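Heads up: take any position in the sequence shown, counting from 1, add 182, and you land on my numbering.
We put the beta carbon where it would ideally sit given N, CA and C, even for glycine.
Since the structure is predicted, the reported quantities are computational estimates derived from the model, not experimental observations.
One structure is given below, encoded as structure tokens.
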Amino acid sequence: MIKIAILGLGVVGGGVADILESEKSLIAKHFGVECEKFIEVKYVLDLRDSVGHGLDDRLTKSIDDILNDDEVSIVVETMGGLHPAYEFSLAALKKGKNVVTSNKAVVSAYGVELLGMAAEMGVSYLFEASVGGGIPIIRPLTACLCGERINSVSGILNGTTNYILSQMEKCGVSFKEALADAQAKGYAEKDPTADVSGADTCRKICILANIAYDIYITHEDICYNGIEDIEMADIECAELLGKRIKLLGVAKRNGDNIDAFVSPMLVGLDSPLSMVNDVFNAILVEGENVGELMFYGKGAGSLPTATAVVSDIIEAVDAPRRSMIWKNGSKDMISSEDGIISALYVRVNGTGISDKLISHFGDCKIVEHCGCTAILLPAKDQAAHLELLKSFDGEVLSVIKADK
Ligand code: HSE
């Protein structure tokens, strides 16, 4: 029997406890045992006096109870936040315990150290649930695609912002109204800054980039922009141009470099990412030999995220010490926003300038809508084009990256 401890029995930790109970026969079957319960929660670390899930008799408030119990071989960190989640994870690894987490903040900030410690101690540090909730993406990248040269990894990695953009598009509501709705439905936090600013997406794309390209970058190394400034006029103009606005995390090869950024982008209706709506996430991986792969599913929520945690618990039992290593090496190969050229969507105040724009920019897509003119500028000669556009009478209201 495998004994585990869960640190923090909140939304995700509670889901883990529930799945271990509801799927205990499947899990026992996987391990080929005829055990009532092969994986048993021996401890729950939580500040509350009662946590439900039938686990109140396992409650402790002391991490030392867990660290000093040699029977506990797996520590599940679902506390959230950096501290003390990082310290507890490090201490558990140092004690030779496997650590499984859904905590993208800790993985992103301390991944090098924690993976290094796991390797040193011959145990696993696993974090499938830290990106894309229930979508399997870390293990496909590390295991299934370990022999594949990855050319790009990009996607919709934040459910809250995707819900907000989808609501703006479907219901014609403003960013503020859509955010209030997301909060009322429990998707967005009371303080939604990490989601809407792009910071959450940034942590997740850094984790994926580190795996895909064998590098180590954190949210401090790449530029990120959020969706706070997206207006209904942009959503509508994008639609008229045959595009949808999505908040994307992108990390792609560009020669010997990796271009990485987080930004709202206009994506064409021919892109599978344009079809991903509401709180769903999707990750597109393009490999040299395999071509394009798409991973789609629920990027948040108790049971989807807990499913990924449970898969890591099983992995830790199946294949302990298959930890990867991130190198804390040079970041020179990373270019972010300033150096990255993409097509651009520009919306300017005023109409009646389409002919003038066409004579300057040639065969560009242009629409006039709600007293504004929106144009899609190709990536080529973009800086010059943008300068030229700014020299026109109309005030530039929005500049957003576009896929082409
Ligand atoms: N706030 C995150 C989201 C939760 O909305 O996607 C999952 O990481």
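Asked                                                                                                             : Found
Beta-bridge partners of P446, as assigned by DSSP                                                                 : L429
Straight-line Cα distance separating V313 from N392                                                               : 12 Å
Check: G553 C-beta below 7 Å from any heavy atom of the ligand HSE                                                : no
Any C-beta of chain C under 8 Å from that of L339                                                                 : No chain C appears in the structure shown, which is made up of a single protein chain.
Sequence-distant residues of the same chain with beta carbon closer than 7 Å to L208, five excluded per side      : none
Nonlocal neighbours in the same chain, by C-beta distance under 6 Å from G380, ignoring five residues either side : Y406, N407, G408, V444
Three CB pairs or more closer than 8 Å across the stretch 489-498 and the stretch 361-380                         : no
I417 - containing alpha helix (DSSP H), residue span                                                              : 414-422
Rounded Cβ spacing between A433 and S336 (contact assumed at less than 8 Å)                                       : 7 Å
Neighbour-count burial assignment, C384, 16 or more Cβ in a 10 Å radius                                           : buried
Inter-stretch contact at 8 Å, needing at least 3 Cβ pairs: the stretch 187-195 / the stretch 254-264              : yes
Range covered by the beta strand (DSSP E) that runs through I319                                                  : That residue, I319, is in no beta strand (DSSP E); it is neither H nor E in DSSP.
Of the residues N436, D500, G544, the one placed nearest I221, counting alpha carbons only                        : D500
Cα-Cα separation between A360 and D460, rounded to whole angstroms                                                : 11 Å
Contacting residues, own chain, Cβ-Cβ under 8 Å from S517 (five flanking each side not counted)                   : N436, N439, I440, D441, A442
Helix, strand or coil at A464 according to DSSP, with G and I counted as helix                                    : strand
Proximity test, D377 beta-carbon vs the ligand HSE heavy atom, cut-off 7 Å                                        : yes
Check whether K480 and L448 have beta carbons under 8 Å apart                                                     : no
Distance between beta carbons of I319 and F462, contact taken as under 8 Å                                        : With a Cβ gap of about 14 Å, F462 and I319 do not count as contacting.
Candidates H212, V281, A370, of which the one nearest A267 by Cα                                                  : V281
DSSP beta-bridge partners of Y478                                                                                 : A464
Residue span of the alpha helix (DSSP H) that contains I346, given as start and end                               : 341-353
Residues near A394 in its chain [Cβ-Cβ closer than 7 Å; skip 5 each side]                                         : L323, I332, V335, A433
Assigned exposure category for I387 - 16 Cβ within 10 Å defines buried                                            : buried
Closer than 7 Å: T342 CB and nearest the ligand HSE heavy atom                                                    : yes
Three-pair Cβ contact test at 8 Å for the stretch 286-293 versus the stretch 199-217                              : no
For D441: DSSP bridge partner residues                                                                            : K434, S517
Straight-line gap, A325 to M506 (C-alpha atoms, nearest Å)                                                        : 10 Å
Beta-bridge partners of T260, as assigned by DSSP                                                                 : Answer is none; T260 lacks a bridge partner.
DSSP bridge partner residues for E302 (one or two, in chain order)                                                : DSSP output for E302 lists no bridge partner at all.
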